[in-house]
Amino acid sequence: MDVAAKVTSKGQITIPKAVRDALGIAEGDRVVFRIDDKRAVLARVPDLLDLAGAVDLAVSQRGIGWEKIRRQTREARMAGGVESQASAG
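Numbering-wise, the sequence shown is residues 5 to 93 according to our numbering.
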């Protein structure tokens with residue numbers, strides 16, 4: 005899909021509705037421009053809260069504070085096995 009937009013004197017553009025719809029961009033969303041040679045690729049920046057629940061977590065690990073998780077991970081790495089930490093639960 006090729007959709008044109010005009011650049012204002014302030015360097016601003018309005019993202020055309022067809023592009024917003026195709027990328028799922030809504031008011032308040034953040035976007036990123038990736039520059040590749042003389043082209044720019046526009047993408048919606050995902051909201052980190054959208055990732056909630058994307059990683060399987062053992063029941064025994066749920067509700068643990070971030071500092072405890074970091075400490076357990078460091079201890080597991082020093083002991084030579086992060087895998088054992090992930091499977092402990």
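Glycine residues also receive a C-beta, built at the ideal position from the N, C-alpha and C atoms.
Every value quoted in this text rests on a predicted model; they were computed, and no experiment measured them.
Going by CA-CA distance only, name the one from the options that's closest to residue i.
i	options	result
V7	G69, K42 and R24	R24
If you run the structure through DSSP and keep just helix, strand and coil, what is residue i?
i	result
S88	Caution applies to S88, whose pLDDT of 45 falls short of 50 and renders its modelled position unreliable; the model cannot decide the point.
A8	coil
R81	helix
R75	helix
L52	helix
V59	coil
M64	Reading the sequence as shown, one finds Ser at residue 64 and not Met. It is helical.
Please look up how many angstroms separate the CB atoms of residue i and residue j, rounded, as I've assumed it's under 8 Å.
i	j	result
A26	R38	Not quite, the Cβ-Cβ distance comes to about 17 Å (not below 8 Å), so this is no contact.
Who are residue i's beta bridge partners in DSSP?
i	result
L46	F37
Next on the checklist: List, from N- to C-terminal side, the alpha helix (DSSP H) runs of 4 residues or more that fit wholly inside the segment 19–43.
Outcome noted: Runs of the alpha helix (DSSP H) lying entirely within the segment 19–43, each at least 4 residues long, are 21–27 in chain order.
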